[in-house]
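**Q** If you scroll down you'll find the structure; I have some questions about it.
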Amino acid sequence: MLSYILRRLLGVIPVMVVVGVFVFSLLHLAPGDPAAIIAGDTATQADISRIRTNLGLDRPLLEQFSSWGWATLRGDLGVSMFSGIPVTELMAQRMGPTVSLAFTTMLVAVVIAITLGVLAAWKAGSLLDRAVMALAVTGFSVPVFVVGYIMVYFVALQWRWLPVQGYMPMSEGFWPWLRHLILPSFALGLGYVALIARITRGSMLEVLSEDYIRTAAAKGVATVPMLLRHALKNAAVPIITVIGIGVALLISGVVITESVFNIPGIGRLVVDAISRRDYPIIQGVMVVFAAVYVLINLVIDIAYSFIDPRIRYS
Amino acid sequence: MTQASIPPRGKVADFVRRNPTIIIGGFLLLLITLAAIFAPWIARDPIAFEPINRLKAPSAEFWLGTDSLGRDVYARMVYGARISLLVGLTVAIITVISGSVIGLLAGYFPRVDAVVMRLMDGIMAIPSILLAIALVALMGSSVKVVIIAIAIPEIPRVTRLVRAVVLSVRDLPFVEAARSNGTRVAKLLRRHILPSTVAPLIVQATYICASAILTEAGLSFLGAGTPPEFPTWGNMIASSRLYLQIAPWTIFAPGICLALVVLSVNLLGDGLRDRLDPRISRRM
Amino acid sequence: MTSSRRTVLTAGMAAATLVTVGAPHVARAQTRPARQVRVVPHGDLNVLDPIWTTANMAAYHGAMMYDTLFGIDANFTPQPQMVGKTDISADRKTYTFELRPGLKWHDGTPVTARDCVASLRRWQAKDGAGQHLFARVADTPVVDEKTFRIVLKEPYGLLLDALAKTSTPLCVMMKAEIAATDPNTQITKHIGSGPFKFVEAEYRPGSRVVYERNPDYVPRSEPASGIAGGKRVMLDRVIWDIMPDAQTAASALMAGEVDFYETPPVDILPTLSSAPGVKIEVFSKLGNVGQVRLNHLHPPFNNVAARKAAQLAINQEDIQRAAVGNPQYYRTCGSHFTCGSAMGVEDGSDVLMLKAPMAERQAKARELLKQSGYDGKPIVLLHATNIHVMNQTMLVVAQQLRQVGFNVQLASTDWGAVVTRRSNQNPPDQGGWNVFYTWSGGNATSSPISLFAHAAIGRKAWFGWPENAEIETMRNEWAAAPNLEARKAVAVRLNKTMMDYVHDVKTGQWVGPAAYRGDRLRGILAVPESLPWWNVERFA
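Residue numbers (this note's numbering), protein chains in the order written: chain W, 79 to 392; chain R, -19 to 264; chain H, 8 to 547.
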């Protein structure tokens, strides 16, 4: 057991190295010179070179990579090339909104998707099954920003039920925090409903076709409690996997939603940084996101190995 | 199974009744593909414009109105099908082929597995949209680059899928037999193992296709999509997003097409999966 | 693990409880300080040093928290601001400035002449007009605590205009020890003497900038006009809410979540104005001037006939209609200097054939292109897709150039990539370019000296690198001219020369109206290239 955990932990290291190399080379090989952007409109060639030297951009790539790599390991993600504010501080300021949005979105998606998935599996092959799955897919078929704009137009502008945009931290009150997150969570969450519903349906079907379930049904055990107690319990494992994958997808989806709803989260931070070629921010955020993803999957894998001993030895 | 007494028409009707999703999905896709192929015959130039014609509502001259430059929305929608479908299809093909090759090798050779899966995990760990934007910034915005940028984050998932199948099939008796017979590895992989991966791969490919078309729209929204001169449904929606209340036809035309294609591809995928997965088709 | 069902139920109950518990907070969170304004500016403030960068947002920031020696009023006439008494010697070579009483830095210390001289020196290192001025400055001696001089080598009529301008970089005053920072390094401390204080603790780059009223600021007694006159602050806080998405910003204004939206795309103005309480107003009457810059270093545009062909092919009306849309807000202009300003005279623009029908212009353009010996090699147009006006303009320009025979290749990227690539002086197929587009403020463009883009000094000039000795001579003539009439005369000749040489190609002018809650705010000043918040009252 312990050796499995240790092995998995060690396995994280090469993955993070891959991420680090990937992220660094991606940026430094890209055209787009932050020095030119910083220098502004009326800068001359000389100005730009001076800024490059100032920012350490003219050192050899390998040197830049190793100094960045060591600093990152120590927890020092550098400072923004534009504002000079430490990357860790920038990220800390914007963690709250992104985590809040991710949490509420997952909640919305999971609740709706599991309901639909269970329903579809129960009546597999019927019209209801088809209709429910088609409904799930519809949420996925329209780009997030279109769904967002349409929701804002009706719910926020016409009916005035909810705010158009913005984010309120919890410190300003739970209800303000929540009401600013409702529209974005639904706009983003609907996209994940299809994926989670599909997996739920699939694994429920697997369980439902197991002999003991069919025996119980034949014996006359009431369907709904049986569904919920036995089937869902056993189907939980793959569902949780998908939620783990969902976290990574969520980070991607959050980027667009934060722009549409003006949520000052990490997604917008990194998109702005990319257009300005603010390397330290881009590198720092990508590495942190990757680490979060790897950690969450690690936790899930370890949790599995407790539940299903067979997995440990694969 | 003797089918001699059942007339062929009944067989087809039977198939349709049992697999409505495959039929509906397939039919819609066929329609849209035909429109894309015959675009020059059914629509005018999607790129030329006169600014004086901008933001005109649908009329006899411009069936779906004009956009903010004065370009024909209907023409752009039809030509847009070409690139959108191309993006979806190419991404699906690239990911399936690369994923299969890598997955086969990783599943069969443990040493390859160790290295490759770390690489795949690394790629999966980086948020796909950030990776895509960075790739487009690196290599410039063109259809080719956008396809690669969307495909790369999808490859690890296909790889895992294929690898999982290979792992489960590798030690089965018939593979053992072939191996002890002296069959060369390449032939072994191709003849005996690959066929088991085909069914789940096809299903996965349809989902990837749908997802790619949507991701292209998202990338266009963030400014990292295909060059706006040449229409794709994604970049049409993104560049018209300001006009939701002013000229809704500029968004709804490509939006509905996008939704329809994604829906049909998904239906096709769901239908195929149900058909090919013995556990489910048995229940039906 | 029956957790799934239980979890769902528990979560549901928890949510219900929290919602009811949270309800009383609704009232508290919805009231805001009565004298607070939320503004959506045109861009993001990510560099806080208004001298180090020439980004317009930094100039806005400068105008809020810093003060200037002089400031232009609504008629573009320089007026004293921090300066109390000005004395100009008879030979017009010595200017003596005495600071007015009551000027204090935000940390409480008084403003001294030493601070001003240090700030002037730092500013002129980075500013075109400043450099032009200081090339003629012999010395800037400090006379006493409140007095200093600028001693010139020769008379320079535009001295006060240079100090008073609003175009970036503003000549802002900083504490001497901060102004001592190398002009090529950013300042790290932000202490101004202006009517607002910058609240650094609440600053979120890319998201929010917060200013609060400076209670110790002593405004001048004159009424506010331009950035001159008394800067009386009637608000407690001004929050800049950075919203890059136009649809979101527009919706926020209509819902009342923000009070001022600086640059709504012209196309959504009808929607905005139909919302109750929203007012549309043009604050920057000279607007913006678009320019297509041609690369003079490499073929085909190193040949004047090819440049003339491009100049004829580019049709301002079509570009403006596509980029701006509503004719109420744009105009064509046959001058390199802003039409509507004193120097915006269209004489000398016959070569543009503005009155001739497009077909005739295109025919002439094709002829000229053939004359130039153009070989059909693709020309690279840098196309910034993420800024609406740029995106639309370049698509139109590409079509217009193609129509006269150019083989156009659009390099579509974001603005950041354009900014990088345009500084590359290599041939287009080695990382360089042939054509790019941007715009400059109408105010800055009206002056042959203020706008660096007007210089024609070859490789040291602004991107495009035009080189023409005649133009340079006339620019100096203009600066040295004794009065307005004389300057106008020079401007006419300069315009004609620039058009015949095809310095660059202007694409027309437009004004960007702002949209704001007229049912809550009044007193917003119309200042070119600036967005000041003194004089503004919130009454609802």
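C-beta: ideal position from N, C-alpha, C; glycine also.
Under 8 Å, Cβ to Cβ, is there at least one residue of chain H near residue 220/R?
**A** no
**Q** For residue 213/H, which residues in chain W fall below 7 Å Cβ to Cβ?
**A** 346, 347, 350
**Q** Quick check: residue 204/R and residue 67/R, are their CB atoms within less than 8 Å of each other?
**A** Taking 8 Å as the Cβ cut-off, residue 204/R and residue 67/R do not qualify as a contacting pair.
**Q** State the CB to CB distance for the pair residue 389/H and residue 411/H, rounded to an integer number of angstroms; the pair is presumed to be in contact (CB under 8 Å).
**A** In fact, because the Cβ distance is near 20 Å, the residues do not count as touching under 8 Å.
**Q** Who are the near neighbours of residue 201/W in its chain, counting only those whose CB is closer than 7 Å to its CB and skipping five residues on each side?
**A** Result list for residue 201/W: 207, in chain order.
**Q** Less than 8 Å between the CB atoms is what I'm expecting for residue 499/H and residue 383/H, so what's the real figure, rounded?
**A** Actually they are not in contact, since the Cβ atoms of residue 499/H and residue 383/H sit about 38 Å apart, beyond 8 Å.
**Q** Strictly by DSSP, which residues pair up with residue 338/H?
**A** 516/H
**Q** Against residue 403/H, what residues of chain R qualify as contacts under a CB-to-CB distance less than 9 Å, listed in chain order?
**A** Here the neighbours are 29, 31, 49.
**Q** Of all the options 145/H, 70/H, 102/H, 258/H, which has the alpha carbon lying nearest to the alpha carbon of residue 394/W?
**A** The question about residue 394/W has no answer, for chain W in this structure spans 79 to 392.
**Q** What's the C-alpha gap between residue 255/R and residue 295/W?
**A** 25 Å
**Q** Just checking: is the beta-carbon of residue 243/W within a distance shorter than 8 Å of some beta-carbon in chain H?
**A** yes
**Q** Of all the residues that make up the segment 192 to 219 of chain W, which are near chain R by a beta-carbon distance shorter than 8 Å?
**A** 202, 203, 208, 211, 212, 215, 216, 218, 219
**Q** Determine the chain C residues that contact residue 160/W at a beta-carbon separation under 8 Å, and present them in chain order.
**A** Among the protein chains of the structure shown, namely W, R and H, there is no chain C.
**Q** List the DSSP bridge partners of residue 215/H.
**A** The partner list for residue 215/H (beta bridge, DSSP) reads 211/H, 248/H.
**Q** Taking the beta carbon of residue 173/W as the centre, do at least 16 other beta carbons fall within 10 Å, making it buried, or is it exposed?
**A** Exposed.
**Q** Check the C-beta distance from residue 282/W over to residue 199/W and give it rounded, since I have them as a contact under 8 Å.
**A** Contact holds; Cβ gap of about 4 Å.
**Q** Taking the CB atoms as reference points, tell me whether residue 267/W and residue 187/W lie closer together than 8 Å.
**A** yes
**Q** The beta strand (DSSP E) spanning residue 87/H covers which residue range?
**A** 85 to 87
**Q** Can you confirm whether residue 332/H, when its beta carbon is compared against all beta carbons of chain R, has any partner nearer than 8 Å?
**A** For residue 332/H, the nearest beta carbon of chain R is closer than 8 Å to its own beta carbon.
**Q** Return the chain-ordered list of same chain residues with a C-beta closer than 6 Å to the C-beta of residue 104/R, the five sequence neighbours on each side being excluded.
**A** So the qualifying residues of the chain are 136.
**Q** Can you find a CB in chain R that lies within less than 8 Å of the CB of residue 92/W?
**A** yes
**Q** Could you check what DSSP says for residue 502/H in three-state terms: helix, strand or coil?
**A** DSSP places residue 502/H in helix when its eight states are reduced to three.
**Q** Select from the segment 254 to 277 of chain H all residues with a C-beta closer than 7 Å to any C-beta belonging to chain W, and list them in chain order.
**A** 254, 255, 258, 259, 261, 262, 264
**Q** Have a look at the DSSP bridge pairing and note the partners of residue 416/H.
**A** 387/H
**Q** Beta-carbon separation of residue 224/H and residue 205/H under 8 Å?
**A** no
**Q** Does any residue of chain R bring its CB to less than 8 Å from the CB of residue 74/H?
**A** No, no contact with chain R.
**Q** Quick check on DSSP: helix, strand or coil for residue 31/H?
**A** Caution applies to residue 31/H, whose pLDDT of 36 falls short of 50 and renders its modelled position unreliable; the value that the coordinates give is listed next. DSSP places residue 31/H in coil when its eight states are reduced to three.
**Q** Considering only residues of the segment 294 to 359 of chain H, which uninterrupted alpha helix (DSSP H) runs meet the minimum length of 4 residues and lie entirely inside it, listed in chain order?
**A** 311 to 320, 323 to 330
**Q** Chain H beta carbons: is any one of them nearer than 8 Å to that of residue 178/W?
**A** For residue 178/W, the answer is no, since every Cβ of chain H falls outside 8 Å of its Cβ.
**Q** State the Cα-Cα distance for the pair residue 445/H and residue 62/H, rounded to the nearest angstrom.
**A** Looking at the two C-alpha atoms, the distance is approximately 13 Å.
**Q** Which term fits residue 480/H, buried or exposed, when burial requires 16 or more other beta carbons within 10 angstroms of its beta carbon?
**A** exposed
**Q** Could you check what DSSP says for residue 243/W in three-state terms: helix, strand or coil?
**A** coil
**Q** Note down the Cα distance separating residue 243/W from residue 508/H, rounded to an integer number of angstroms.
**A** 50 Å
**Q** Compare the C-beta of residue 424/H with all C-beta atoms of chain R and state if any pair is closer than 8 Å.
**A** yes
**Q** What's the C-alpha gap between residue 87/W and residue 369/W?
**A** Answer to the nearest angstrom: the Cα atoms are 12 Å apart.
**Q** Could you give the distance in angstroms between the alpha-carbon of residue 184/R and the alpha-carbon of residue 145/R?
**A** 13 Å
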